[in-house]
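Residue numbers (the numbering used here): 0 to 191.
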Amino acid sequence: MGLFDKLAGWLGLKKEVNVLCLGLDNSGKTTIINRLKPSNAQAQDIVPTIGFSIEKFKTSSLSFTVFDMSGQGRYRNLWEHYYKEGQAIIFVIDSADKLRMVVAKEELDTLLNHPDIKHRRIPILFFANKMDVRDALSSVKVSQLLCLENIKDKPWHICATDALKGEGLQEGVDWLQDQMTQSNQNNQNMRS
Ligand SMILES: Nc1nc2c(ncn2[C@@H]2O[C@H](COP(=O)(O)OP(=O)(O)O)[C@@H](O)[C@H]2O)c(=O)[nH]1
Ligand SMILES: [Mg+2]
0 MGLFDKLAGW LGLKKEVNVL CLGLDNSGKT TIINRLKPSN AQAQDIVPTI GFSIEKFKTS
60 SLSFTVFDMS GQGRYRNLWE HYYKEGQAII FVIDSADKLR MVVAKEELDT LLNHPDIKHR
120 RIPILFFANK MDVRDALSSV KVSQLLCLEN IKDKPWHICA TDALKGEGLQ EGVDWLQDQM
180 TQSNQNNQNM RS
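Right, here's the structure in full:
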């Protein structure tokens with residue numbers, strides 16, 4: 000453990016982790032992030048941006064940057080620079096939006112091939128959201144349609160969620176937290 004970490008531990012401070020929350024518009028990203036905030040969370044800190052959307056939320060130890068991946072191709076180069084800073088990705092899918100599943104896959108593939116993501120072992124948590132909707136696809140089906148088994152060089156995990164009720168989110172966050180502590184340890188090992 001580095002000195003700063005020890006110090007931060009003694010002081011009760013937690014290190015901030017930058018999480019990118021991505022997915023098509025209307026998949027449930029804002030709803031999910033709101034749910035993840037502790038009940039005593041600070042006021043919502045949304046940065047309204049004209050023409051494209053970047054939202055930023057902070058909890059005590061997590062800093063989320065949220066953006067909608069569809070319908071804003073011309074602004075893509077403006078938000079791509081956030082990729083470098085991201086230490087974890089939450090990718091949200093509307094499991095009931097079968098028509099746009101192929102668009103979600105295209106956006107995921109573009110993300111995975113981005114130079115700032117491609118060669119990093121960055122953990123990706125998939126939320127197959129809106130499970131409560133009748134006829135929603137199962138998380139197994141979503142996983143097949145997005146070809147997640149092809150992701151070999153990054154740890155990933157998929158959870159079925161209902162963001163309205165908050166179901167499934169905790170399981171995902173526990174997984175992500177595990178991954179983040181493991182990657183911290185790996186980094187420490189590499190340094191020592
Ligand atoms: N039925 C259902 N609706 C959801 C769920 N999650 C989000 N929504 C609704 O989907 C719409 C889009 O959600 P929002 O969080 O704004 O999506 P964003 O564009 O990805 O940020 C809103 O009307 C939400 O209330 C869910 O799990 N189930
Ligand atoms: Mg939103």
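Just so it is clear, CB atoms sit at the ideal spot from N, CA and C, and this is done for glycine as well. Treat the numbers as computed from the prediction; the structure is a model and nothing was measured.
Out of the options, state which residue places its alpha-carbon closest to the alpha-carbon of residue i.
i, options, result
"Phe63", "Asn33, Arg133 and Cys158", "Asn33"
"Trp155", "Lys28, Gly167, Asp134 and Ile88", "Ile88"
"Ser60", "Asp152, Gln86 and Ala127", "Gln86"
"Arg120", "Met130, Lys83 and Ala103", "Lys83"
"Leu168", "Arg133, Ala95, Ala127 and Val102", "Ala127"
"Asp177", "Gln143, Thr30, Leu163 and Leu124", "Leu124"
"Thr58", "Asn76, Ser69, Phe66 and Leu35", "Leu35"
"Ile31", "Lys14, Asn76 and Val65", "Val65"
"Lys153", "Leu175, Ala135 and Arg133", "Leu175"
"Val132", "Cys158, Glu106 and Ala95", "Ala95"
"Ala162", "Val141, Ser52, Val91 and Leu110", "Val91"
Does DSSP classify residue i as helix, strand or coil?
i, result
"Glu84", "helix"
"Glu15", "coil"
"Val65", "strand"
"Asp93", "strand"
"Leu168", "helix"
"Lys55", "strand"
"Leu21", "strand"
"Lys28", "helix"
Express the C-alpha separation of residue j and residue i in angstroms, rounding to a whole number.
i, j, result
"Ser26", "Val16", "23 Å"
"Asp115", "Pro122", "14 Å"
"Trp78", "Leu21", "11 Å"
"Asp173", "Tyr74", "33 Å"
"Tyr81", "Cys146", "25 Å"
"Leu23", "Glu148", "21 Å"
"Ala103", "Val139", "16 Å"
"Gln143", "Lys117", "21 Å"
"Glu54", "Leu19", "10 Å"
"Ser69", "Lys14", "31 Å"
"Ile157", "Glu105", "18 Å"
Does the beta-carbon of residue i have 16 or more other beta-carbons within 10 angstroms, so that it is buried, or is it exposed?
i, result
"Asn112", "exposed"
"Lys151", "exposed"
"Gln181", "exposed"
"Ser137", "exposed"
"Asp93", "buried"
"Thr160", "buried"
"Thr29", "buried"
"Lys164", "exposed"
"Leu98", "exposed"
"Lys129", "buried"
"Asp108", "exposed"
"Asp67", "buried"
"Gly171", "buried"
"Val101", "exposed"
Using 7 Å as the cut-off, classify the Cβ of residue i as near or not near the heavy atoms of ligand 3, replying yes or no.
i, result
"Asp67", "As far as ligands go, the structure on display features ligand 1 and ligand 2 and does not contain ligand 3."
Suppose only complete runs of 4+ residues qualify. What are the alpha helix (DSSP H) ranges in the segment 98-164, listed by chain order? For the segment 98-164, whole alpha helix (DSSP H) runs of length 4 or above, ordered along the chain, are 100-111, 114-117 and 138-144.
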